[in-house]
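Counting from 18, one number per residue, gives the positions in the sequence shown under the working numbering. Have a look at the structure below, then the notes.
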Amino acid sequence: MRIAIVSDTHLPRGARAVPDACVEAMRSADLIVHAGDFSSAEVLDWLESLGPPVHAVHGNVDTAEVRERLPETLELEAEGLRIAVIHDAGPAKGRVARMRRRFPDADAVVFGHSHLPLHSEENGFHIFNPGSPTERRRAPRHSFGIAEIKDKNLSLRHVWL
């Protein structure tokens, strides 16, 4: 199973658009996970139109309509693994332990908010921030993520744009 992971698209904003490489990765994935901050419901509708099922949470800048349609957190099952999704995982200090406590049954937590790509793993528990494909802020480059699951083994990687 291949999962495209995005966050913090913050659209629409001027002429900004999701890069083609990210769109193609989402279209060809088995599942799309978005960790919030779409900004508008039109972006959520567009994402859902790409084809694969979308699992998403709302973020702090999302409109009331997005907040009504999406939960603050979710947990999904993918090929026997549990993946939790939240927009803001809080401060960097203690984040892995805090997410482990908050989602005790999860194998991984996907989050966004900071726009800073991150992958950390402790004792088989992963936390992953894909960065942003559209608004890098302090990150060196725009990015998104890919998760691959095979035989209950999870691999996570960033795709740099």
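Glycine is no exception: its CB is placed at the ideal position from the N, C-alpha and C atoms. For clarity, every value in this text was computed on a predicted model and none was experimentally measured.
Residue i versus the options, residue with shortest Cα-Cα distance
i	options	result
glycine 31	Thr151, Gly162, Ile166	Thr151
arginine 84	Lys169, Ser56, Ala114	Ser56
valine 35	Phe161, Arg174, Glu96	Phe161
valine 102	Glu96, Met116, Val60, Pro108	Met116
glutamate 59	Thr26, Ala114, Glu41, Phe120	Thr26
proline 108	Asn146, His75, Leu91, Ala95	Asn146
Exposed unless 16 or more other CB atoms sit within 10 angstroms - verdict on residue i
i	result
alanine 81	exposed
glycine 141	exposed
alanine 21	buried
glycine 129	buried
aspartate 37	exposed
aspartate 79	buried
proline 70	exposed
proline 157	exposed
asparagine 77	exposed
alanine 106	buried
serine 66	exposed
Spatial neighbours of residue i in its chain, beta-carbon cut-off 7 Å, leaving aside the 5 residues before and after
i	result
arginine 19	Ala46, Asp47, Ile163, Glu165
Beta-carbon separation (whole angstroms), residue i vs residue j, contact threshold 8 Å
i	j	result
leucine 87	alanine 73	5 Å
glycine 148	leucine 133	7 Å
Other residues of its chain near residue i: CB distance less than 6 Å, five sequence neighbours each side excluded
i	result
leucine 159	Note on identity: in this sequence residue 159 is histidine, with leucine being the wrong assignment. Correct list, in chain order: Pro150, Arg153, Leu178.
histidine 51	Val23, Ala73
isoleucine 49	Ala21, Met43, Pro69, Val71
Residue i beta carbon near the ligand MG (any heavy atom closer than 6 Å)
i	result
aspartate 105	No copy of the ligand MG appears in this structure; indeed no ligand is present at all.
Contacts around residue i, its chain only, beta-carbon distance under 8 Å, and the 5 residues preceding and following it disregarded
i	result
histidine 143	Asp124, Ala125, Val126, His136, Ser137, Leu171, Leu173
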